[in-house]
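Novice:
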Amino acid sequence: MISLRHHAISLVAVFAALVLGLFLGTGFIGDKVNSLTGTSRDKIGDLNDQLDEANAARNASDGFAHAVAPRLLHDQLKGRKVVVVTAPNAADDDVTAVKESLSAAGAAFGGQLGLTTALLRDRESEKLRSIIDQSIPPGRNLRPELTDSGGRLGDLLGLLLQTGPTRGKVSATEVDAALQSLREAGFINYTDRAVSPGQLVVVVTGGAFPADSGAQGQLVGRFAATFAARGFGGVLAGRTGSTKGGSPIAIVRSDPSLSNSVATVDNVNQPIGRITTVLALRQATTGKPAAFGIGAGATAITPEA
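Numbering (UniProt numbering), first residue to last: 1 to 305.
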């Protein structure tokens, strides 16, 4: 037997359907639907055609970049060793593609480090500061003007993992001890015996950081710049959208003290962006880091040949 409640619900549903039918047939919604005839429908069709053309052009561009990449990248980084660092929002596909591009350019792989979400939240800055202070090799110093977490960590890891002119003698034991302390504290992750010093660094981040991310983008941006400053060059590479708001690339491009130390590429999720990452890294070795891509602040799509 149907309850009174179910009967009432059924009546309401039937009534709502009748009202909606009248509303669609004779009300303003019907008028709006009917208005999508003639010129309006033609405009929609034109927009769809333009979208199809844009997608076809994009696919052709990506296909061309894939085809010419081996010739463009060949031996660009021959004899160089590159360390790869990832931000928590870096896409795995981007990281893999960057490493493949580095390999195609003749670079040796110095291993991969991952920055953690706990590091970016910066809620244990005193603990991090203590570990950094204890990990500085005897006789070496960090830059005294750096007081923030990202800057100091980048400076330390750059000292340990970049064989630049200011490195001096740092033993493998000192490097291992520092990395293990940072990993045990939850600030970085890496695979044992898979990271070794190199001359160059690529820091891979994702797209736009959310509005509530606070200073996380600043931490990554400053980390990348200070790490790169210890070696012979570096690139901070992000996805399309990585120049927005407080994202790392936006931070670096807005601050000459950072952009003079690390190059930026804002479309690493595209084939041309990965080619650009390698070429920007090569150019950075000449002491001329620059901003490349399609986002705000880019000075060119890719370095000149």
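Backbone N, C-alpha and C define an ideal beta-carbon position, used for all residues, glycine too.
1. Under the three-state reduction of DSSP, which class applies to residue 294: helix, strand or coil?
2. Evaluate residue 263 with the Cβ neighbour count: other Cβ atoms within 10 Å of its Cβ, from every protein chain shown; 16 or more gives buried, anything less gives exposed.
3. I need the boundaries of the beta strand (DSSP E) containing residue 109, first residue and last residue.
4. Go ahead and pull the three-state DSSP assignment for residue 57.
5. Below 8 angstroms on the Cβ atoms is my contact criterion, and I expect residue 225 with residue 154 to pass it. Report the Cβ-Cβ distance as a whole number of Å.
6. CB-CB under 6 angstroms to residue 80, same chain, minus the five flanking residues each way: which ones, in chain order?
7. Determine, using beta carbons only, whether residue 302 and residue 286 come nearer to each other than 8 angstroms.
8. Using the Cα positions of residue 289 and residue 227, report the straight-line distance between them to the nearest angstrom.
9. Using only CA atoms, which one of 73, 119, 75 and 85 lies nearest to residue 205?
10. I'd like the list of long-range same chain contacts for residue 175, defined as Cβ closer than 6 angstroms, with 5 residues on each side in sequence excluded.
11. Is it right to say residue 144 is buried, meaning 16 or more other beta carbons lie within 10 angstroms of its own, or is it exposed?
12. Residue 205 by DSSP, collapsed to three states: which one?
13. Whole angstroms are fine: how far does the CA of residue 244 sit from the CA of residue 294?
14. Could you tell me the alpha carbon to alpha carbon distance between residue 124 and residue 91, rounded to whole angstroms?
Specialist: So, to answer that:
1. As a first step, residue 294 must be located in the sequence shown, where it is residue number 294. Here residue 294 sits in coil by DSSP.
2. Residue mapping note: residue 263 aligns to position 263 of the sequence shown, counting from 1. Buried is the call here.
3. Taking the sequence shown and counting its residues from 1, the one referred to as residue 109 is at position 109. Here the beta strand (DSSP E) through residue 109 covers 108-115.
4. To locate residue 57, count along the sequence shown from 1; it is residue 57. Residue placement at residue 57 is poorly supported in this model, since its pLDDT is 48, which falls under 50; the coordinates still yield a value, given next. Residue state, collapsed to three classes: helix.
5. If you number the sequence shown from 1, residue 225 lands on position 225. If you number the sequence shown from 1, residue 154 lands on position 154. Between residue 154 and residue 225 the Cβ distance is about 7 angstroms, and since that is below 8 angstroms, they are a contact.
6. Locating residue 80 in the sequence shown gives position 80, counting from the first residue. Once the five neighbours on either side are set aside, the close Cβ partners of residue 80 are 107, 199 and 200.
7. By one-based count along the sequence shown, residue 302 stands at place 302. By one-based count along the sequence shown, residue 286 stands at place 286. Taking 8 angstroms as the Cβ cut-off, residue 302 and residue 286 do not qualify as a contacting pair.
8. As a working mapping, residue 289 is identified with position 289 in the sequence shown. As a working mapping, residue 227 is identified with position 227 in the sequence shown. Taking the straight line joining both Cα atoms gives about 14 angstroms.
9. Within the sequence shown, the letter at position 205 stands for residue 205. Of the candidates 73, 119, 75 and 85, the one whose C-alpha sits nearest the C-alpha of residue 205 is 85.
10. Sequence index remark: in the sequence shown, residue 175 carries index 175 (1-based). The residues are 160.
11. Reading the sequence shown from its first residue, position 144 is the one you call residue 144. Result: exposed.
12. Here residue 205 refers to the residue found at position 205 when the sequence shown is read from its first residue. Coil, per DSSP.
13. Within the sequence shown, numbered from 1, the residue matching residue 294 stands at position 294. Within the sequence shown, numbered from 1, the residue matching residue 244 stands at position 244. The straight-line gap from Cα to Cα measures roughly 12 angstroms.
14. Here the question's residue 124 lines up with position 124 in the sequence shown. Here the question's residue 91 lines up with position 91 in the sequence shown. One C-alpha to the other measures close to 26 angstroms.
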